[in-house]
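The sequence shown lines up with residues 1 to 236 when you count with UniProt numbering. The beta-carbon is built from N, C-alpha and C at its ideal position, and this holds for glycine as well. Computed from a prediction, not measured in an experiment: that's the story for all the values here.
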Amino acid sequence: MESTATKLRYEKASTILASKESPEKIFQLLALDDVEKKLLSDTLFHKWMRYQDSFNKANPRHQESGANTLRVNYNWGGIEIIIETGRQNPSTREMAEKVEDAFHNYWLTTKTTPKVALRFLYLHEIGEKTLVNPKFSTWVKYLDNFNDRYPGEKTTVIDGLKAHYGDRALLQMLNAAKEDPSTKKLVTDLQSALILKWRDAKQTPEKLTSMLDGVPNSREMIDRYTTLISGTRTTT
């Protein structure tokens, strides 16, 4: 049974939507800034989206971004909750994907780097399971789109990961993912990329041995690195 507050909220909606206020103002007047998990299934949110579309068509020089309105009213953590909750409900799954796409487009427009986007997706908190988390594929797709849009500022997956994880944590992450068929090739590519990063940083095998002591398969990686730099020295 609907609460009195909910009934009043819906009763006031028609008047609010007829006020011709900005979409951001309407969002707050409809109390959509206090719904969070239930936002995508809220009837008033759908009405608000239609209102925003009409507003933008009528005001081509004063466009308002739905993604920005959500960002202002919910922090990134709240937005992630909204999207994940929406994905779990078949009736709101498509809407959740649209909201996610809108945010990725917003990030691109505002030139949000992949390193920052990784934090927005909270991938920096997942640890060893990062590569097998569904959000990782989402992040890689964003990184590719960023590189396409800003070719002068291209970055790589290994750079994004190294910005948040040290080499010990990276090796543990690779170990956790290499047995999964869906990430086996990714692990191989990232291992090679990490070795090249060591070469560029002029790491010594001795330092790596000390730094990675106790990490499974670290010896194999260090041996590959030693072979690489030995070959480089031979040809120079």
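- Residue range 167-177 is occupied by the alpha helix (DSSP H) that includes Leu170.
- Taking a cut-off of 8 angstroms for Cβ pairs, the region 119-126 and the region 60-67 do not touch, as fewer than three such pairs fall below it.
- Shown here for Arg168: same chain residues with a beta carbon closer than 8 angstroms to its own, the five before and five after excluded, namely Met211, Leu212, Val215 in chain order.
- For His46, the enclosing alpha helix (DSSP H) starts and ends at 43-58.
- Pairing Tyr165 with Ile195 gives a Cβ-Cβ distance that is not under 8 angstroms.
- Judged by DSSP in its simplified three-state form, Glu64 adopts coil rather than helix or strand.
- Residue state for Gly86 is assigned as helix, using DSSP reduced to three classes.
- Across the structure, Met173 and Tyr51 are spaced so that their CA atoms are roughly 45 angstroms apart.
- Of the candidates Ile79, Val99, Val72, Val99 places its Cα closest to the Cα of His46.
- Ile222 and Ala177 have their C-alpha atoms some 19 angstroms from each other.
- In this model, Thr6 and Lys12 are separated by some 10 angstroms (Cα to Cα).
- The beta carbon of Lys115 sits closer than 6 angstroms to those of Gly160, Ala163, all from its chain and outside the five residues before and after it, given in chain order.
- Between the C-alpha atoms of Glu97 and Arg87 there is a straight-line separation of about 8 angstroms.
- In chain order, Thr92 place their CB closer than 6 angstroms to the CB of Ser41, counting only its own chain and leaving out the 5 sequence neighbours on each side.
- Out of Asn145, Leu228, Thr155, Glu84, the CA that lies nearest to the CA of Thr204 is found in Leu228.
- Inclusion of Tyr142 and His104 in the CB contact set at 8 angstroms is warranted, their separation being smaller than that value.
- Counting the other CB atoms within 10 Å of its CB gives Thr209 a total below 16, which places it among the exposed residues.
- Counting C-beta atoms within 10 angstroms of its own C-beta, Leu8 has fewer than 16 neighbours from the protein chains shown and is therefore classed as exposed.
- A residue is called buried once 16 or more other Cβ atoms fall within 10 Å of its Cβ, and Ala117 is buried on that count.
- Counted as a single uninterrupted DSSP element, the alpha helix (DSSP H) harbouring Asp159 occupies residues 157-162.
- Distance from Asn145 to Leu186 at the Cβ level is roughly 18 angstroms; contact not present, criterion being Cβ atoms closer than 8 angstroms.
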